[in-house]
Amino acid sequence: MKKIEAIIKPFKLDDVKDALNEMGLKGMTISEVKGYGRQKGHTEIYRGAEYVVDFIPKIKIEIVLPADQVDLVVNKIRAAANTDKIGDGKIFVLPVERVIRVRTGEENRDAV
Amino acid sequence: MKKIEAIIKPFKLDDVKDALNEMGLKGMTISEVKGYGRQKGHTEIYRGAEYVVDFIPKIKIEIVLPADQVDLVVNKIRAAANTDKIGDGKIFVLPVERVIRVRTGEENRDAV
Amino acid sequence: MKKIEAIIKPFKLDDVKDALNEMGLKGMTISEVKGYGRQKGHTEIYRGAEYVVDFIPKIKIEIVLPADQVDLVVNKIRAAANTDKIGDGKIFVLPVERVIRVRTGEENRDAV
Amino acid sequence: MELNTGDTAFMLIATALVMFMTPGLALFYGGLVRSKNVLATIMQSFLCLGIVSLIWVVYGYSLAFGPDVGNVIGNLDFVFLNNVSWETGAGRTIPDILFCAFQLMFAIITPALITGAFAERMKFPAYLLFVAAWVSLVYFPVCHWVWGGGWLADLGALDFAGGTVIHINSGAAALVCAIVIGRRRGYGRDAIHPNNLPMTVLGAAILWIGWFGFNAGSALTAGPIAALALMTTQLAAGVGALGWVLAEWKIQGRPTTLGAASGAVAGLVAITPGCGFVTPVWAVVIGGVAGVLCYLGIILKTRIGYDDALDVVAVHGLGGLWGALATGVFASVGAKGLLYGNPHQLTVQAIGAGAAIVYSVVVTFVILKVIDAIVGLRVDSEGEQQGLDVVEHSEVGYSI
Amino acid sequence: MELNTGDTAFMLIATALVMFMTPGLALFYGGLVRSKNVLATIMQSFLCLGIVSLIWVVYGYSLAFGPDVGNVIGNLDFVFLNNVSWETGAGRTIPDILFCAFQLMFAIITPALITGAFAERMKFPAYLLFVAAWVSLVYFPVCHWVWGGGWLADLGALDFAGGTVIHINSGAAALVCAIVIGRRRGYGRDAIHPNNLPMTVLGAAILWIGWFGFNAGSALTAGPIAALALMTTQLAAGVGALGWVLAEWKIQGRPTTLGAASGAVAGLVAITPGCGFVTPVWAVVIGGVAGVLCYLGIILKTRIGYDDALDVVAVHGLGGLWGALATGVFASVGAKGLLYGNPHQLTVQAIGAGAAIVYSVVVTFVILKVIDAIVGLRVDSEGEQQGLDVVEHSEVGYSI
Amino acid sequence: MELNTGDTAFMLIATALVMFMTPGLALFYGGLVRSKNVLATIMQSFLCLGIVSLIWVVYGYSLAFGPDVGNVIGNLDFVFLNNVSWETGAGRTIPDILFCAFQLMFAIITPALITGAFAERMKFPAYLLFVAAWVSLVYFPVCHWVWGGGWLADLGALDFAGGTVIHINSGAAALVCAIVIGRRRGYGRDAIHPNNLPMTVLGAAILWIGWFGFNAGSALTAGPIAALALMTTQLAAGVGALGWVLAEWKIQGRPTTLGAASGAVAGLVAITPGCGFVTPVWAVVIGGVAGVLCYLGIILKTRIGYDDALDVVAVHGLGGLWGALATGVFASVGAKGLLYGNPHQLTVQAIGAGAAIVYSVVVTFVILKVIDAIVGLRVDSEGEQQGLDVVEHSEVGYSI
Ligand SMILES: Nc1ncnc2c1ncn2[C@@H]1O[C@H](COP(=O)(O)OP(=O)(O)O)[C@@H](O)[C@H]1O
Ligand SMILES: Nc1ncnc2c1ncn2[C@@H]1O[C@H](COP(=O)(O)OP(=O)(O)O)[C@@H](O)[C@H]1O
Ligand SMILES: Nc1ncnc2c1ncn2[C@@H]1O[C@H](COP(=O)(O)OP(=O)(O)O)[C@@H](O)[C@H]1O
């Protein structure tokens, strides 16, 4: 089993979700994160003082899935999340040793 | 060393924490995430328009621990988080290569 | 490729960021998490009732990078995040199999 | 009597201020629940502005202030506000319709106060029925007894601005509600924390300014007694806040912001019946004691174990009772209490309070049982888990 | 006439209350947008307090209330408030400067209302120009027609507190704004959720109390008519909230908190023109119908598909129109409507409403086109994505 | 004099409005700090309502307004409000107790203003002692000098509603506080961002409406001067907001919402001493200049480097000073300033301001040093890190 972690722009979440849905992938976990990278942040002003805010809101998507689906899903995510602008994000693939569904105790392929 | 990532229902957090505490496991990191899966979301209404909200609040628990404790902990989590309803969540086990305690520099088994 | 996950005290974020910046490492993703460990939480009072809050705000930093930079970065983070007090946090190193930049499709070393 | 523009100006604004208290209460209560119930809790106060306004026009004002029937209730002469003029009537220097509007605001906030007891678990239809039934069967009669020419007025009970009619009455009903509907899921085990304490402080501030309209406005004229009532109200509120904060500092080791806000409300409740009858120095005492007493009432509640979610019993019930009795002790302006040689007054105050409590407890109990039989009082366990906002209103409070 | 301290006291406070409505509106609107636009939205209401105050002193009051020129506009006798005394003038018992201040508050809130239509996408400089131009070219003339001795006053149009001048006028302008500026990015596809509904309820509460100053204050004296207006205002607001909530419960299966707040505002809008002319029972009808009608107006909007972001058209336009016509039907105090034997009044009301709509639509359209040509109306797509707070103001609303 | 119901009605409500300012300030300040200090900051304003109310009854009113002793302080005739009647006294048409209540509200907000200077780091016990000592040793004397028949009154200093007594006085004290307590940890390095700017705008709105009670109420009668003061207050606030926004747009390239709210407060501060003495056009000038000036004061602070956390010095100190001098220049109603042929007035204003500054600086310094010796002024570094809410009050502001 593998885990895909994708860091994307927040407004692309719906597109990515729809793309994955279409290919029948119906499970994922998302969280709000902040990214630091090449994409420039914005300036904030507070009573005469200015601050540059480097950390930019991003969405992290986590999907655990059988290894044979990784390529397909990575491509789908890339296609949906891409805007050709700096800051579109990254996809990481990590190994997963075991997957268990809490409710049934099913494992691995059956659990996702 | 291994890392357990468990996605559970928020109101089960205290039960899981207590169960792990009992067995002497005293370190973990949690975060608020949103899950998408078989469990149905709810409807929101805004001035005449209806939206289905698919993303459901979940808690993600991360525990890094020696490999030999994985089975025990996975079982404890399952037992405590299970409500026999769809959406109870998943447990993932990932390999970890190194663990360091910031304060002391201790590594691996000594660091958790 | 490897992934470093560091759990640190929130007010140390700027120091860590600056330290990594200096060594030329310019990409990371952070999130707000809550930690449970040896560090004691605080007490909250609500109309005569007292609760101990065990979960303490922490920042999780995630950095994906080539394996050969891991040691250096781990040391930098330790040096910057250390206050010699309980609760300074942990650093975990995990294996990563693939890294893809969404925008360009570049992989691994080129993608971070 | 002839219309006086000063009195009318004062009462117009006082009425507006008392209206403002109900959304103030909505925010006060809304800040104290978990964020999954913030809107449902706000709704349960806010919608009283609609339900009670409608009933008031149809028959409420008439039952409360219509010509007396047997010393217990008004007749139906004023249904649909027939015969309520916008000219001044007998014995008042303000238009009748303005008195009617002023009193409406009191009728609105009283059931809203009770909703704190059953917060975070009541079904919305049950809530609607409860407010309509309770205001009709409990509030209008008790209001008539005290202010509409009923038997408590005849007895000589002192209630300047509604200690008995509003606070003891709603506090007693709240106790019944808390017990009948039962504890919130996880009560006593899970930490049930306020979602937004700054909002609660804001609510307290709105209640405070509104209470000037409530208490000083109850003089119905812009004269010395209104001025006295405003001063005593301010002092009791301020010193109530201090009292609560110092008590919890002493007992729990920490002075809290919620304690300051709660203590101010406790002081306001306690001064309500006596605000126009006592001197400023006694207002300090009444407020200070209220702050400590209501705090202790909450500690006691935790020991006993009923789940009065937002502490209506301790703050309004206990605070109102203390205020009613204190009026019988300290009154010296326009009436005399125990300390000024009239122990009888204290007895009368106790009778008034006792009557309101007994009546309110019994009728509230019956109302709840009937509603439970018709639509059910409580959302199911899963709904309570998810929160009333999503389950009952399909909304969420914040997306910040 | 001689100064009356009661009337003056009342109008001083009424003026303060109407001022309070504009920040109330800022919070009402601010709670409804996404959190990335909360400050920009608040700013667009709040800054009207500055822009319009300045213009009012320079020439605004003079155009609206200066000696009449050709039945359509005031002359320049009052520029820089020359010749505006702090003593009482002819026909009023309050200082002239107080009347001027009271009217200023109306001029402030009217353009602020419109900003709801173009929320979440208007450029800040365009907003500034729009408010200055609109208040000068649309508000002052229409205000003069109705209240400054212009042709609608001569015709006998009834508008107690500004149904035509303020609500129909701003509602019509809002429709043009929504269409000219176009839909928000993602409108109809993405879920665009309110960021803070408790804040919206707070805003509604502030509007409500402010509206007592607005409506009752329009009597300009603390007498029977002010009292009547206060009562009808309360009833229409309360029953408006009920009406909306019941309608959506019936149609969508859920009663919402936002519905209660919106319904209260709808009721307040609808009673505005008739608050001093109708009896309480008709106020219940006007408010209840407004709640249902404005809700249906929003459903209709969704069908038609223009993006009036915060529903100014449905609530103020439609609600104001219903109120203006209802005044022509139900008026019985100081004037007679259709139901009381005077069908002519309904015609006059329709003419007044129609004139305001046509004038407002045309001039608003021209203003928008000119501003678009000069500075552009709309932020670019990327800026809209990021949110106006960061892009236009370099601020974020919350760091909680 | 005989009681006038119009004047009394006005002052009752004005008093209520001034009370409302202190929780308004709590929210204004509360929104500006980091969320870990939101409650402690609110508490430091809110609890002044308790502390000062209590002291006022015991000896405060007597020191400030009791029969004069040597032109510098009142005697003890009014302790426990003895001899303060609810009938009208000499020279006023409202009850004495109402005047006493109105003045109480001023005494409450003045120390609350100062708390902005030491926000996010003061110990709670030190705060309590500070407020009690400062109001006793600084506020009551200075208040007596100007309004209680002291030497500044004799000199002919103009201070309609408290520019010197309240704003210059608290601004000077704030400067001392900021310097003595020292900078916040991380000041100048870490970004210290507001947690809730909508709440700050709400606070500004409450301050604004309260200020009508504050300024117009200082006329003590519902007549032409109150009306003038209300108008000048509105104009200065509105144009102050505009002025600040335009200045920062010019200098920093962005107009901010916080700038609008701050500018409104700056305008309100600056018009306070002159609101009943200047004409509307000068109010526009006073407010507009205040907006720009106070903004520049903040830029200057950043350069100098003391940490006046919420900018009390720049807004209240500088704004108040400008207002006091401007009154000496532009006064024309009931008194004459430089521009109207009386340069002497400007000298008197400068003396008044100077005296207040010197006295406030010296006594505040001594008070702080004494408190520091007794309980310590500042929480330890770890506590500051964790935030005052948890450390001092065992609470958290939000669980959203
Ligand atoms: N080395 C890294 N490790 C973890 N996350 C990273 C890393 N580099 C970038 N990111 C994440 O990816 C996001 C986008 O990266 P950025 O450099 O801005 O642009 P791009 O995606 O076009 O390369 C960042 O905001 C951050 O969240
Ligand atoms: N493939 C997956 N990858 C990551 N997280 C998943 C995946 N599938 C489900 N989840 C997480 O598990 C939660 C529960 O899944 P769901 O399908 O609703 O029910 P069940 O746990 O009973 O299988 C989801 O809300 C989501 O957070
Ligand atoms: N076994 C673990 N797995 C995951 N996270 C852990 C684990 N143990 C500790 N942590 C995280 O590290 C933080 C610090 O741990 P703690 O035991 O308080 O002190 P120290 O870092 O000094 O060992 C915790 O708050 C938690 O977030």
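Residue numbers (the UniProt record's numbering), protein chains in the order written: chain A, 1 to 112; chain B, 1 to 112; chain C, 1 to 112; chain D, 1 to 400; chain E, 1 to 400; chain F, 1 to 400.
Beta carbons are placed, not taken as given, at the ideal position from N, Cα and C, and that holds for glycine.
Remember, predicted model here, so these are calculated numbers, not experimental data.
Test: residue i CB closer than 7 Å to a CB of chain D
| i | result |
| --- | --- |
| proline 23 of chain F | yes |
| phenylalanine 11 of chain B | yes |
| threonine 164 of chain F | no |
Bridge-paired residues (DSSP) for residue i
| i | result |
| --- | --- |
| aspartate 68 of chain F | F:Gly74 |
| methionine 122 of chain F | F:Arg378 |
7 Å Cβ cut-off: residues of chain B touching residue i
| i | result |
| --- | --- |
| leucine 94 of chain A | Leu94 |
Where residue i meets chain D, residues with beta-carbon distance less than 8 Å
| i | result |
| --- | --- |
| glutamate 44 of chain C | Ala191, His193 |
is_contact[residue i, chain C] using C-beta, thresh 7 Å
| i | result |
| --- | --- |
| isoleucine 4 of chain A | no |
| arginine 183 of chain D | no |
| residue 128 of chain B | This structure gives no information on residue 128 of chain B, because the portion of chain B shown stretches from 1 to 112. |
Partners in chain A for residue i, counting only beta-carbon separations shorter than 9 Å
| i | result |
| --- | --- |
| threonine 83 of chain C | Under the 9 Å cutoff, chain A gives no residues; its nearest Cβ is about 22 Å from threonine 83 of chain C. |
Whether residue i touches residue j by CB criterion (7 Å)
| i | j | result |
| --- | --- | --- |
| valine 233 of chain E | tryptophan 211 of chain E | Correcting the residue type first, residue 233 of chain E is threonine in the shown sequence and not valine. Yes. |
| alanine 101 of chain F | threonine 221 of chain F | no |
| threonine 200 of chain E | alanine 261 of chain E | yes |
| threonine 93 of chain E | methionine 11 of chain E | no |
| leucine 54 of chain D | phenylalanine 140 of chain D | no |
| glycine 319 of chain D | glycine 287 of chain D | no |
| glycine 263 of chain E | glycine 238 of chain E | no |
Chain-ordered chain C contacts of residue i [CB-CB under 7 Å]
| i | result |
| --- | --- |
| aspartate 88 of chain A | Val102, Arg103 |
| glycine 37 of chain A | Lys26, Gly27 |
Chain A within 7 Å of residue i, Cβ atoms only
| i | result |
| --- | --- |
| valine 390 of chain E | yes |
Chain B contact for residue i (CB, 7 Å cutoff)
| i | result |
| --- | --- |
| lysine 34 of chain C | yes |
| glutamate 106 of chain A | no |
| arginine 78 of chain C | yes |
9 Å Cβ cut-off: residues of chain D touching residue i
| i | result |
| --- | --- |
| aspartate 110 of chain B | Neighbours of aspartate 110 of chain B on chain D: none; closest Cβ ~33 Å, over 9 Å. |
Residues that residue i contacts on chain B, provided the C-beta gap is smaller than 8 Å
| i | result |
| --- | --- |
| serine 262 of chain E | Arg47 |
Amino acids of chain F, ordered along the chain, whose beta-carbon sits closer than 7 Å to that of residue i
| i | result |
| --- | --- |
| aspartate 14 of chain C | Asp190 |
Test: residue i CB closer than 7 Å to a CB of chain F
| i | result |
| --- | --- |
| isoleucine 42 of chain D | no |
Chain E contact residues for residue i, given Cβ-Cβ distances below 7 Å
| i | result |
| --- | --- |
| arginine 254 of chain F | His393, Ser394 |
Test: residue i CB closer than 7 Å to a CB of chain E
| i | result |
| --- | --- |
| alanine 101 of chain D | yes |
Review point. Would you say the region 138-149 of chain E touches the region 58-72 of chain E, given that touching needs at least three Cβ pairs under 8 Å?
Key: Because the criterion of three Cβ pairs below 8 Å is met, the region 138-149 of chain E and the region 58-72 of chain E touch.
Review point. Can you find at least 3 beta carbon pairs, one from the region 54-62 of chain C and one from the region 84-100 of chain B, that sit closer than 8 Å?
Key: Touching, no, given that fewer than three Cβ pairs across the two stretches are closer than 8 Å.
Point to revise | the region 364-383 of chain D in contact with the region 120-135 of chain D per 3-pair CB rule at 8 Å | key: They touch, by the three-pair rule.
Practice item. Give a yes or no on contact between the region 334-352 of chain D and the region 296-314 of chain D, applying the rule of three or more CB pairs nearer than 8 Å. Key: Counting Cβ pairs under 8 Å, fewer than three are found: no touch.
Review point. Is it true that the region 253-263 of chain D meets the region 384-400 of chain F, where meeting means three or more beta-carbon pairs spaced less than 8 Å apart?
Key: When C-beta atoms of the region 253-263 of chain D are compared with those of the region 384-400 of chain F, three or more pairs fall below 8 Å, so the two segments count as touching.
Review point. With a cut-off of 8 Å, do at least 3 Cβ pairs link the region 38-45 of chain E to the region 226-240 of chain F?
Key: They do not touch, by the three-pair rule.
**Study point:** Validate contact between the region 274-281 of chain F and the region 69-76 of chain A using beta carbons, cut 8 Å, 3 pairs
**Key:** Contact between the region 274-281 of chain F and the region 69-76 of chain A is not established, with fewer than three Cβ pairs separated by less than 8 Å.
Review point. Below 8 Å, can you find three or more Cβ-Cβ pairs linking the region 168-177 of chain E to the region 357-369 of chain E?
Key: Output reads yes: the region 357-369 of chain E touches the region 168-177 of chain E.
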